[in-house]
Amino acid sequence: MEVQYDLEGQNAYNLSLEVSFDAGDSYEPIPFNHLSGDVTSVSSGANNLIVWDGKQTFPETNSNIAKIKVIATTGNPNHGHQPGRESPTSTATPIAPL
Numbered sequence: 001m002e003v004q005y006d007l008e009g010q011n012a013y014n015l016s017l018e019v020s021f022d023a024g025d026s027y028e029p030i031p032f033n034h035l036s037g038d039v040t041s042v043s044s045g046a047n048n049l050i051v052w053d054g055k056q057t058f059p060e061t062n063s064n065i066a067k068i069k070v071i072a073t074t075g076n077p078n079h080g081h082q083p084g085r086e087s088p089t090s091t092a093t094p095i096a097p098l
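Written out as structure tokens, the structure reads:
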């Protein structure tokens, strides 16, 4: 799945994703090592891209639609980062079912 996003701010940000398969009632973090693209030290700008292989993360899940949260934080993405700002939740339709 490809997640395209725009980023505003004065800092370099680290991005993370959370996914919901139940219409947004609950979200699960997507492991950082399952993401590629514009995820670390991202400056403000348009058309940034994160690529996520949903089948790798959730091999038993078969869904044609998911809700994705994009979360931007400052600091180390793996240790003690600053609280992040969530994007408005968007619905993502994968090219292939997850």
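At position 54 of the sequence shown (counting the first as 1) the number is 54 in UniProt numbering, and the numbers step up by one without a gap. For every residue, glycine included, the Cβ atom is placed at its ideal position computed from N, Cα and C.
Indicate whether N11 and T40 have their beta-carbon atoms separated by less than 7 Å. no
Who pairs with V39 in a beta bridge, going by DSSP? DSSP output for V39 lists no bridge partner at all.
Reducing DSSP to helix, strand and coil, say where N47 ends up. strand
Buried versus exposed, by CB contacts within 10 Å (16 or more), G54: buried
Quick check on L49: buried or exposed, where buried means 16 or more other Cβ atoms within 10 Å of its Cβ? exposed
By the DSSP assignment, the alpha helix (DSSP H) with Q4 in it spans what residues? Element bounds for Q4: not the alpha helix (DSSP H) but the beta strand (DSSP E), E2 to L7.
Which two residues bound the contiguous alpha helix (DSSP H) that contains T57? G54 to T57
Cutoff 7 Å; reference S20; Cβ partners in own chain excluding five residues on either side: S26, Y27, A66 and K67
Element boundaries [beta strand (DSSP E), containing S20]: N14 to S20
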